[in-house]
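Numbering-wise, the sequence shown is residues 67 to 221 according to this note's numbering. Backbone N, C-alpha and C define an ideal beta-carbon position, used for all residues, glycine too. Everything numeric in this text was worked out from a predicted model, so none of it was measured. As C-alpha cells, the structure follows; a few thoughts come after it.
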Amino acid sequence: MMGFREKMLWVSMVAVTAIWGSYLFDVGWLLARGTVDAGQAYGGFIKSVILVVGVQIIATIVLAISAPADANAPVDARDREFAATAAVPAYNLLCLLVVAIMLATPAIIAAAPRWLTGDAATINAVIIGNALLLALVLAHLVDCGAQLWRYRREG
Numbered sequence: 067m068m069g070f071r072e073k074m075l076w077v078s079m080v081a082v083t084a085i086w087g088s089y090l091f092d093v094g095w096l097l098a099r100g101t102v103d104a105g106q107a108y109g110g111f112i113k114s115v116i117l118v119v120g121v122q123i124i125a126t127i128v129l130a131i132s133a134p135a136d137a138n139a140p141v142d143a144r145d146r147e148f149a150a151t152a153a154v155p156a157y158n159l160l161c162l163l164v165v166a167i168m169l170a171t172p173a174i175i176a177a178a179p180r181w182l183t184g185d186a187a188t189i190n191a192v193i194i195g196n197a198l199l200l201a202l203v204l205a206h207l208v209d210c211g212a213q214l215w216r217y218r219r220e221g
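Structure follows, in C-alpha cells:
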C-alpha cells in the first residue's frame, strides 16, 4: 500500500507532466510555426502555475483527509534517504541543462530573430526562459521518478 508521501509524488509527477507538458508543447508549437506571442506564452505560464498549485493543494487535502495519520506522520529516515538520493541525479541534470542553455544562448540570440517573427528581445526571452523552465520540469520529474523508484523497489 502506498503511503501519503508516495501518493503525493505520483500526483506531482502526473500534474507536472500534464500541465507543464501541455504548456511547453503549446510554446513549441508557436515556435515551430515561426511566431512568438509573448502574451500567449505569459498567459499560458500563469495559467499553468495556478493549475499546478491548485492540483497540488487539492490532492494534499484529499489525501490528508483520507489518511490523516499517515499525512501527519513525521518524515522518517527512509523518506529522507529517498529524497536525498533522488536529488543527486535531478540536480546533476538541472546543472547540465542550464550549462547547455547558457552555451546555446549566443546561437539562440543570433538565429532566433532570423526564423521567428516579432521583437528580437521578446523572442530570445521566450525561448531562453522556456528552455530553463523545461530544465526545471525535467529535473523535478527525475527527482520524483527516482524517489518513486526507491519506494516501489524497497517498499
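**Between the CA atoms of I127 and G69 - distance to the nearest angstrom** = 15 Å
**Message:** Taking its Cβ as the centre, do 16 or more other Cβ atoms sit within 10 Å of Y89, making it buried, or is it exposed?
**Reply:** buried
**Prompt:** Going by the beta-carbon positions, is the gap between I189 and A178 smaller than 8 Å?
**Reply:** yes
**Message:** Please return the same chain residues whose Cβ sits closer than 6 Å to the Cβ of G184, not counting the five positions on each side in sequence.
**Reply:** V102
**Message:** Could you check whether the region 148-159 touches the region 211-218, counting it as contact only if at least three pairs of C-beta atoms, one from each stretch, sit closer than 8 Å?
**Reply:** yes
**Prompt:** How should L162 be labelled, buried or exposed, when 16 other C-beta atoms within 10 angstroms of its C-beta is the threshold for buried?
**Reply:** exposed
**Prompt:** Using the rule of at least 16 other Cβ atoms within 10 Å of the residue's Cβ for burial, across every protein chain shown, is W86 buried or exposed?
**Reply:** buried
**Message:** My assumption, with CB atoms under 8 Å, is that Q122 sits in contact with A81. Please give the rounded CB distance.
**Reply:** 7 Å
**Asked** How would you label R71, buried or exposed, when you count the other beta carbons within 10 angstroms and need 16 or more for buried?
**Response** buried
**Cβ neighbour criterion (16 or more within 10 Å) applied to D209** = buried
**Request:** Would you please state the rounded distance, in angstroms, between the beta carbons of G100 and L182? I believe it to be under 8 Å.
**Result:** 6 Å
**Request:** Look at the alpha carbon of A135 and the alpha carbon of R146, and state the distance between them as a whole number of angstroms.
**Result:** 19 Å
**Item:** Sequence ranges, alpha helix (DSSP H) only - wholly within the region 121-161, length at least 4
**Value:** 134-138
**C-alpha gap between S78 and V115, whole angstroms** = 13 Å
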